[in-house]
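All remarks here apply to the structure that follows.
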Amino acid sequence: MSSNPTRVFVARLLGLDVFDPLGDRLGRLRDAVVLDRGPGRRPQAVGIVVEVPGRKRVFVPITRITSMDPGQIICTGLVNLRRFEQRGAETLVVAELFDRRVVLKDGSGEAAIEDIAIEQNRAGDWQVSALFVRRLQDGPRLLRGRRRGEELIIDWEDAWHWDLTGPQAATAFVAQHDDLKPADFAEALHEMSGKRRIEVAAELQDERLADVLQELPDDDQVQILQALDVERAADVLEEMDPDDAADLLNELPEEQKEELLQLMEPEDARDVRRLLSYEEDTAGSLMTPVPVILPPEATVAEALAHVRREELTPALASSIFVCRPPLETPTGRYLGVVHIQQLLRAAPPEALGNMLDTDLEAVNDKASISEVSRMLATYNLNSLPVVNDGGRLVGAVTVDDVLDHLLPDDWRAADDAPAGPQGRTNG
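In terms of UniProt numbering, the numbers along the sequence shown are unbroken and rise by one, the last being 427.
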């Protein structure tokens with residue numbers, strides 16, 4: 001990397017596009033990997049973690065990187081596309097070192113790591129050379145001019161070696177990954193150690209944590225929820241979609257499940273309890289109890305305003321279910337559905353009752369998943385209305401709900417991409 005600066009700070013590289021020599025984009029840099037070589041020896045930078053299309057993170061050895069600058073990173077085309085897994089003494093800089101506490105050797109107290117510089121030595125190896133830190137507390141021998149919160153760059157040798165077993169904040173990691181979609185953040189969270197996963201999850205706001213939890217495998221969801229204070233766990237469950245909250249609660253012991261339901265707001269708990277009452281593998285157990293529901297007198301303009309809501313998934317926004325009052329599930333008599341394509345073609349003042357699709361039959365809440373799947377596939381639908389024996393709408397099943405059920409439990413961690421021409425190496 002003769003064209004590179006000899007020292008680079010990792011935080012300044014995060015999010016940069018990584019290209020192959022032909023200019024094709026490989027992915028985006030999400031972390032760097034250093035090798036702990038023991039006390040008194042500088043950790044060695046061995047590679048970077050790149051997020052490639054498909055939300056998968058792969059390892060690129062630092063010896064394959066030919067250029068690093070503030071705008072982009074260029075590497076050779078010989079990259080193994082197998083999912084990255086940490087080995088041995090490898091440490092992730094952003095996930096495991098940012099926010100790590102260190103003791104300053106000058107006796108002025110503790111500091112938190114906010115960035116790490118790697119530098120190329122004469123032999124061509126890249127090593128950790130400096131730390132960008134923020135002071136946390138006054139030490140017993142505070143030096144003149146030093147103050148809490150002060151930010152400074154120190155040589156790696158000027159701080160005691162970090163302890164990866166101790167508690168660690170996650171402020172920097174959360175800030176660095178604030179732009180990630182919940183599914184992508186969940187992917188990064190899943191790849192962490194259990195300890196670090198809990199620390200990062202605890203740093204997230206309730207709404208953000210709820211969105212991320214919904215994208216995690218069951219085991220990760222349970223681990224995080226059980227690590228939270230019980231009142232906060234109930235708050236996070238309230239922020240989740242009711243069907244996802246019900247699925248998560250079903251993974252918990254009965255006593256813990258009931259305790260959390262008691263702490264939830266009554267309205268939120270009622271929706272979740274209704275879902276929990278259905279037998280597994282039925283439409284009722286999968287459905288979302290809060291689709292878009294409007295009366296027949298509502299206009300096209302009103303319906304479009306409802307489906308524009310940011311929190312709606314594309315599948316739920318594709319259909320408006322028209323019912324007699326009450327409009328909360330279970331509703332009054334279910335009348336029919338209006339598809340979003342119809343809304344886009346109709347005049348804004350048109351009443352929904354004049355444009356109902358009554359040919360699409362609703363499924364019973366006790367219908368099997370196979371029946372629901374066949375109907376979605378046969379009619380090329382994104383969602384289906386679900387009614388009870390009395391013909392009242394109780395929810396909607398989306399194609400996303402069915403896919404989540406049909407895919408294997410570990411589908412998020414599955415690695416189906418072919419390996420590249422070169423095996424996983426550090427050098």
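From the three backbone atoms N, C-alpha and C, an ideal C-beta is built for every residue, glycine too.
In this text, all values refer to a predicted model and were calculated from it rather than measured experimentally.
In the DSSP assignment, find the beta strand (DSSP E) that holds residue i and state where it starts and stops.
i: residue 66; result: 65-68
i: residue 383; result: 383-387
i: residue 51; result: 44-52
i: residue 285; result: Note, residue 285: premise wrong, no beta strand (DSSP E); alpha helix (DSSP H) at 283-286.
i: residue 62; result: Where residue 62 is concerned, there is no enclosing beta strand (DSSP E), given that its DSSP letter is neither H nor E.
On the DSSP bridge list, what partners appear for residue i?
i: residue 72; result: None; residue 72 has no bridge partner.
i: residue 333; result: 392
i: residue 303; result: Residue 303 is not bridged to any residue.
i: residue 350; result: DSSP output for residue 350 lists no bridge partner at all.
i: residue 120; result: 126
Within 10 Å of its beta-carbon, does residue i have 16 or more other beta-carbons around it, so buried, or fewer, so exposed?
i: residue 105; result: exposed
i: residue 325; result: exposed
i: residue 153; result: exposed
i: residue 444; result: The requested residue 444 does not occur in the structure, where the chain is confined to residues 1 to 427.
i: residue 193; result: exposed
i: residue 31; result: buried
i: residue 277; result: exposed
i: residue 54; result: exposed
i: residue 262; result: exposed
i: residue 379; result: exposed
i: residue 428; result: It is not possible to answer for residue 428, since the shown part of the chain is limited to 1 through 427.
Rounded to a whole number of angstroms, what is the C-alpha to C-alpha distance between residue i and residue j?
i: residue 420; j: residue 60; result: Confidence at residue 420 is low in this model, with a pLDDT of 40, below 50, so its placement is unreliable and the value that follows should be read with caution. Rounded to whole angstroms, residue 420 to residue 60 spans 11 Å at the Cα level.
i: residue 300; j: residue 237; result: 33 Å
i: residue 271; j: residue 65; result: 52 Å
i: residue 427; j: residue 371; result: In this prediction, residue 427 has a pLDDT of 42, which is less than 50 and means its spatial position is unreliable; what the coordinates show is noted afterwards. Taking the straight line joining both Cα atoms gives about 53 Å.
i: residue 248; j: residue 351; result: 39 Å
i: residue 150; j: residue 309; result: 43 Å
i: residue 209; j: residue 123; result: 44 Å
i: residue 365; j: residue 79; result: 49 Å
i: residue 315; j: residue 63; result: 45 Å
i: residue 98; j: residue 172; result: 6 Å
i: residue 73; j: residue 6; result: 14 Å
i: residue 92; j: residue 18; result: 18 Å
i: residue 343; j: residue 359; result: 17 Å
i: residue 136; j: residue 113; result: 10 Å
i: residue 57; j: residue 84; result: 6 Å
i: residue 307; j: residue 290; result: 13 Å
i: residue 285; j: residue 279; result: 6 Å
i: residue 239; j: residue 119; result: 44 Å
i: residue 189; j: residue 217; result: 11 Å
i: residue 181; j: residue 398; result: 20 Å
i: residue 125; j: residue 42; result: 11 Å
i: residue 86; j: residue 191; result: 9 Å
i: residue 231; j: residue 260; result: 8 Å
First and last residue of the alpha helix (DSSP H) that includes residue i?
i: residue 361; result: Neither: residue 361 is in no alpha helix (DSSP H) and is coded neither H nor E.
i: residue 233; result: 230-239
i: residue 314; result: 314-317
i: residue 342; result: 340-345
i: residue 8; result: Counting along the chain, residue 8 falls outside any alpha helix (DSSP H), though it belongs to the beta strand (DSSP E) covering 7-9.
i: residue 185; result: 182-190
i: residue 171; result: 171-176
i: residue 93; result: Run containing residue 93: none; DSSP gives neither H nor E here.
i: residue 402; result: 399-406
i: residue 245; result: 242-249
i: residue 103; result: Run containing residue 103: none in the alpha helix (DSSP H); it sits in the beta strand (DSSP E), 101-103.
i: residue 210; result: 206-213
i: residue 202; result: 194-203
i: residue 275; result: 266-276
Which of the three DSSP states is assigned to residue i in this structure?
i: residue 378; result: helix
i: residue 261; result: helix
i: residue 156; result: helix
i: residue 57; result: strand
i: residue 132; result: strand
i: residue 294; result: strand
i: residue 13; result: coil
i: residue 151; result: strand
i: residue 115; result: strand
i: residue 26; result: strand
i: residue 225; result: helix
i: residue 83; result: strand
i: residue 368; result: strand
i: residue 220; result: helix
i: residue 142; result: Bear in mind that the predicted position of residue 142 carries a pLDDT of just 46, short of 50, making it unreliable; the figure below should be weighed with that in mind. Coil, per DSSP.
i: residue 428; result: The first residue shown for the chain is 1 and the last is 427, placing residue 428 beyond what the model contains.
i: residue 310; result: coil
i: residue 255; result: helix
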